[in-house]
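What follows is a short report on a single structure.
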Amino acid sequence: MHGTQSIAAPTHPGHRRFSGETLVVASHNPGKVREIADLLRPFGLSRVLAAGDLGLPEPEETGRTFTANAVLKARAAAEAGGHPALADDSGLEVAALEGAPGILSARWAGPDKDFARAMERIAQELGAGRDRRANFTCALALAWPDGHVECFEGRVFGDIVWPPRGEKGFGYDPIFQPDGHAITFAEMDPEAKHAISHRAEAFRRLVAACFGG
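In the working numbering, the protein residues as written are 179 to 391.
Below you can see the structure in the form of C-alpha coordinates.
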(Lines of atoms letter the chains of each structure in order from A and count residues from 1; the text may use other names and numbers.)
(Lines give C-alpha, C1' and ligand atoms only; values in the text may rest on other atoms or scores of the structure.)
Protein backbone atom coordinates (compact mmCIF):
# COMPACT_ATOMS: atom_id res chain seq x y z
CA MET A 1 0.00 0.00 0.00
CA HIS A 2 1.17 3.52 -0.72
CA GLY A 3 0.45 6.94 0.73
CA THR A 4 -0.95 7.78 4.14
CA GLN A 5 -3.38 5.18 5.43
CA SER A 6 -5.43 5.12 8.60
CA ILE A 7 -7.70 2.78 10.49
CA ALA A 8 -10.32 3.60 13.08
CA ALA A 9 -11.22 0.79 15.48
CA PRO A 10 -13.69 1.67 18.23
CA THR A 11 -13.91 -0.85 21.04
CA HIS A 12 -17.71 -0.44 21.24
CA PRO A 13 -20.32 0.20 18.52
CA GLY A 14 -20.46 3.93 17.80
CA HIS A 15 -18.27 6.52 19.43
CA ARG A 16 -18.46 8.18 22.81
CA ARG A 17 -18.14 11.94 22.76
CA PHE A 18 -15.76 13.59 25.16
CA SER A 19 -17.80 16.03 27.25
CA GLY A 20 -15.52 16.89 30.18
CA GLU A 21 -13.08 19.74 30.70
CA THR A 22 -10.13 17.74 32.07
CA LEU A 23 -8.02 15.22 30.18
CA VAL A 24 -5.00 13.30 31.43
CA VAL A 25 -2.29 12.58 28.88
CA ALA A 26 -0.87 9.20 29.83
CA SER A 27 2.72 10.20 29.20
CA HIS A 28 5.73 11.30 31.22
CA ASN A 29 7.20 13.05 28.16
CA PRO A 30 6.70 16.83 28.53
CA GLY A 31 7.11 17.42 24.79
CA LYS A 32 4.43 14.92 23.90
CA VAL A 33 2.09 16.37 26.52
CA ARG A 34 2.55 19.88 25.08
CA GLU A 35 1.94 18.63 21.54
CA ILE A 36 -1.27 16.86 22.51
CA ALA A 37 -2.47 19.84 24.53
CA ASP A 38 -1.94 22.10 21.52
CA LEU A 39 -3.87 19.74 19.25
CA LEU A 40 -6.83 19.57 21.64
CA ARG A 41 -6.92 23.21 22.76
CA PRO A 42 -9.66 24.23 20.26
CA PHE A 43 -12.10 21.76 21.82
CA GLY A 44 -12.80 23.49 25.12
CA LEU A 45 -10.58 21.57 27.52
CA SER A 46 -9.71 23.77 30.47
CA ARG A 47 -7.11 21.36 31.85
CA VAL A 48 -4.76 18.97 30.09
CA LEU A 49 -2.69 17.17 32.72
CA ALA A 50 0.28 14.86 32.40
CA ALA A 51 0.34 11.50 34.13
CA GLY A 52 3.70 12.47 35.59
CA ASP A 53 2.25 15.65 37.10
CA LEU A 54 -0.32 13.53 38.94
CA GLY A 55 2.33 11.13 40.20
CA LEU A 56 0.87 8.25 38.20
CA PRO A 57 3.30 5.40 37.49
CA GLU A 58 4.17 4.24 33.99
CA PRO A 59 2.62 0.80 33.45
CA GLU A 60 4.66 -1.96 31.86
CA GLU A 61 3.87 -2.18 28.14
CA THR A 62 3.00 -5.86 27.81
CA GLY A 63 0.70 -5.64 24.79
CA ARG A 64 1.51 -7.28 21.49
CA THR A 65 0.21 -4.41 19.34
CA PHE A 66 0.43 -0.63 19.35
CA THR A 67 -3.27 -0.40 20.18
CA ALA A 68 -3.00 -2.86 23.05
CA ASN A 69 -0.20 -0.84 24.64
CA ALA A 70 -2.03 2.46 24.13
CA VAL A 71 -5.16 1.00 25.76
CA LEU A 72 -3.12 -0.35 28.65
CA LYS A 73 -1.59 3.07 29.35
CA ALA A 74 -4.83 5.01 28.89
CA ARG A 75 -6.87 2.72 31.14
CA ALA A 76 -4.24 2.77 33.88
CA ALA A 77 -4.17 6.59 33.89
CA ALA A 78 -7.97 6.93 33.75
CA GLU A 79 -8.52 4.52 36.62
CA ALA A 80 -5.79 6.01 38.80
CA GLY A 81 -6.47 9.66 38.00
CA GLY A 82 -10.27 9.62 37.93
CA HIS A 83 -10.43 11.53 34.63
CA PRO A 84 -10.54 10.49 30.96
CA ALA A 85 -7.04 9.75 29.73
CA LEU A 86 -5.39 9.71 26.33
CA ALA A 87 -2.38 7.55 25.47
CA ASP A 88 -0.47 6.81 22.32
CA ASP A 89 1.92 4.10 21.22
CA SER A 90 3.85 4.32 18.00
CA GLY A 91 6.79 2.92 16.09
CA LEU A 92 8.43 1.95 12.82
CA GLU A 93 7.53 -1.26 10.97
CA VAL A 94 9.88 -2.54 8.25
CA ALA A 95 8.29 -5.00 5.83
CA ALA A 96 11.42 -7.07 5.14
CA LEU A 97 12.03 -7.43 8.89
CA GLU A 98 8.53 -8.86 9.38
CA GLY A 99 7.33 -5.62 10.93
CA ALA A 100 10.28 -5.08 13.28
CA PRO A 101 11.13 -3.07 15.26
CA GLY A 102 7.38 -2.41 15.63
CA ILE A 103 6.24 -2.20 19.23
CA LEU A 104 9.89 -2.60 20.25
CA SER A 105 10.92 0.58 18.41
CA ALA A 106 11.92 2.44 21.57
CA ARG A 107 13.54 -0.62 23.10
CA TRP A 108 15.78 -1.10 20.06
CA ALA A 109 17.32 2.24 21.04
CA GLY A 110 18.20 0.88 24.48
CA PRO A 111 17.98 2.57 27.89
CA ASP A 112 20.03 5.51 26.60
CA LYS A 113 17.56 6.13 23.71
CA ASP A 114 20.40 5.75 21.21
CA PHE A 115 18.43 5.86 17.96
CA ALA A 116 21.62 6.12 15.93
CA ARG A 117 22.39 2.60 17.13
CA ALA A 118 18.84 1.48 16.40
CA MET A 119 18.97 2.85 12.85
CA GLU A 120 22.32 1.15 12.30
CA ARG A 121 20.78 -2.13 13.39
CA ILE A 122 17.98 -1.74 10.84
CA ALA A 123 20.51 -1.02 8.09
CA GLN A 124 22.59 -4.07 9.05
CA GLU A 125 19.61 -6.40 9.20
CA LEU A 126 18.26 -5.17 5.87
CA GLY A 127 21.61 -5.50 4.13
CA ALA A 128 21.71 -4.90 0.38
CA GLY A 129 19.05 -5.61 -2.19
CA ARG A 130 16.14 -6.17 0.21
CA ASP A 131 12.74 -4.54 0.13
CA ARG A 132 12.97 -1.11 1.76
CA ARG A 133 9.24 -0.60 2.33
CA ALA A 134 8.25 0.57 5.80
CA ASN A 135 5.58 2.47 7.68
CA PHE A 136 5.15 4.40 10.87
CA THR A 137 2.10 3.50 12.95
CA CYS A 138 0.49 5.49 15.76
CA ALA A 139 -2.28 4.12 17.97
CA LEU A 140 -4.31 6.45 20.19
CA ALA A 141 -6.54 5.26 23.03
CA LEU A 142 -8.98 7.50 24.88
CA ALA A 143 -10.18 5.83 28.09
CA TRP A 144 -12.79 6.83 30.67
CA PRO A 145 -12.69 5.86 34.36
CA ASP A 146 -15.66 3.49 33.79
CA GLY A 147 -13.52 1.39 31.43
CA HIS A 148 -14.88 2.54 28.07
CA VAL A 149 -12.14 3.03 25.46
CA GLU A 150 -12.07 4.48 21.96
CA CYS A 151 -9.12 3.53 19.74
CA PHE A 152 -7.76 4.97 16.51
CA GLU A 153 -4.75 4.22 14.32
CA GLY A 154 -2.87 6.24 11.74
CA ARG A 155 -0.19 5.06 9.34
CA VAL A 156 2.16 6.68 6.86
CA PHE A 157 4.05 4.59 4.30
CA GLY A 158 7.43 5.10 2.70
CA ASP A 159 10.92 3.66 2.30
CA ILE A 160 13.98 3.16 4.46
CA VAL A 161 16.98 5.18 3.21
CA TRP A 162 20.64 4.94 4.17
CA PRO A 163 22.65 6.77 5.35
CA PRO A 164 20.44 8.85 7.68
CA ARG A 165 19.52 12.32 6.45
CA GLY A 166 18.35 15.42 8.29
CA GLU A 167 18.42 16.76 11.82
CA LYS A 168 14.89 18.16 12.32
CA GLY A 169 13.16 14.98 13.42
CA PHE A 170 13.66 12.43 16.16
CA GLY A 171 13.73 8.68 16.56
CA TYR A 172 13.84 6.91 13.19
CA ASP A 173 12.90 10.02 11.18
CA PRO A 174 16.33 10.35 9.48
CA ILE A 175 15.94 7.01 7.65
CA PHE A 176 12.25 7.27 6.71
CA GLN A 177 11.30 8.85 3.38
CA PRO A 178 7.50 9.09 3.04
CA ASP A 179 5.81 8.27 -0.25
CA GLY A 180 5.54 11.21 -2.61
CA HIS A 181 8.51 13.04 -1.09
CA ALA A 182 12.23 13.20 -1.92
CA ILE A 183 13.29 14.00 1.64
CA THR A 184 13.12 12.20 4.96
CA PHE A 185 10.96 13.13 7.93
CA ALA A 186 14.09 14.54 9.56
CA GLU A 187 14.67 16.86 6.60
CA MET A 188 11.11 18.22 6.68
CA ASP A 189 9.95 21.29 8.53
CA PRO A 190 7.86 20.16 11.51
CA GLU A 191 4.68 21.63 10.03
CA ALA A 192 5.12 19.63 6.83
CA LYS A 193 5.77 16.42 8.71
CA HIS A 194 2.81 16.94 11.04
CA ALA A 195 0.50 17.41 8.06
CA ILE A 196 1.14 13.87 6.81
CA SER A 197 2.38 11.94 9.84
CA HIS A 198 0.90 8.82 11.37
CA ARG A 199 0.18 10.69 14.62
CA ALA A 200 -1.62 13.53 12.82
CA GLU A 201 -3.82 11.05 10.97
CA ALA A 202 -4.71 9.23 14.17
CA PHE A 203 -5.57 12.55 15.81
CA ARG A 204 -7.82 13.52 12.91
CA ARG A 205 -9.74 10.31 13.48
CA LEU A 206 -9.90 10.86 17.22
CA VAL A 207 -11.08 14.46 16.95
CA ALA A 208 -13.75 13.67 14.36
CA ALA A 209 -15.15 10.82 16.44
CA CYS A 210 -14.87 12.10 19.99
CA PHE A 211 -14.40 15.87 19.99
CA GLY A 212 -16.78 16.99 17.29
CA GLY A 213 -14.04 18.11 14.95
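C-beta atoms are modelled at their ideal positions from N, C-alpha and C, and glycine is treated no differently. If you're wondering where the values come from, they're calculated on a predicted model, not measured in any experiment.
If you check the beta carbons only, do ALA229 and VAL202 fall under 8 Å apart? Taking the first residue of the sequence shown as position 1, residue 229 is located at position 51. Taking the first residue of the sequence shown as position 1, residue 202 is located at position 24. Cβ atoms of ALA229 and VAL202: closer than 8 Å.
By how many angstroms is the C-alpha of PRO220 removed from the C-alpha of PHE314? Taking the sequence shown and counting its residues from 1, one reaches residue 314 at position 136. Taking the sequence shown and counting its residues from 1, one reaches residue 220 at position 42. Their Cα atoms are separated by approximately 26 Å.
In whole angstroms, give me the CA-to-CA distance for GLU298 and ALA360. Stepping through the sequence shown from its first residue, residue 298 is reached at position 120. Stepping through the sequence shown from its first residue, residue 360 is reached at position 182. Cα to Cα, GLU298 sits roughly 21 Å from ALA360.
Can you list, in chain order, the residues of its chain with a C-beta nearer than 6 Å to that of SER283? Leave out the 5 residues immediately preceding and following it. As a first step, residue 283 must be located in the sequence shown, where it is residue number 105. Excluding positions up to five away in sequence, the list reads GLY269 and LEU270.
So, for ALA254: in the same chain, excluding its five sequence neighbours on each side, which residues have a beta-carbon less than 6 Å away from its beta-carbon? Numbered from its first residue, the sequence shown carries residue 254 at position 76. Result list for ALA254: PRO237, in chain order.
Looking at the unbroken beta strand (DSSP E) that takes in SER268, where does it start and where does it end? Counting from 1 along the sequence shown, the entry for residue 268 is found at position 90. Per DSSP, the unbroken beta strand (DSSP E) holding SER268 starts and ends at 263-272.
Could you pull out every residue in the same chain whose Cβ sits closer than 8 Å to the Cβ of GLU199, ignoring the five residues on either side in sequence? Taking the sequence shown and counting its residues from 1, one reaches residue 199 at position 21. Cβ neighbours of GLU199 beyond the five flanking positions: GLY222, LEU223, SER224 and ARG225.
Helix, strand or coil for ARG311, going by three-state DSSP, please let me know. The residue you call residue 311 lines up with position 133 of the sequence shown. Of the three classes helix, strand and coil, the one that applies to ARG311 here is strand, per DSSP.
Would DSSP call THR240 helix, strand or coil? Position 62 of the sequence shown holds residue 240. THR240 falls in the coil class under three-state DSSP.
What would DSSP say about PRO342, mapped onto helix, strand or coil? Numbered from 1 along the sequence shown, position 164 holds the residue referred to as residue 342. Coil, per DSSP.
Residues bridged to CYS329 (per DSSP): Reading the sequence shown from its first residue, position 151 is the one you call residue 329. Paired residues: ALA319.
Straight-line gap, GLU303 to LEU275 (C-alpha atoms, nearest Å): The count along the sequence shown starts at 1 and reaches residue 303 at position 125. The count along the sequence shown starts at 1 and reaches residue 275 at position 97. One C-alpha to the other measures close to 8 Å.
Buried versus exposed call for SER375 [16 or more other C-beta atoms within 10 Å across all chains shown]: Here residue 375 refers to the residue found at position 197 of the sequence shown. Buried, since its Cβ has 16 or more Cβ neighbours within 10 Å.
Report the partner residues of PHE335 according to the DSSP bridge assignment. The residue labelled residue 335 in the question sits at position 157 within the sequence shown. Bridge pairing for PHE335: ASN313 [DSSP].
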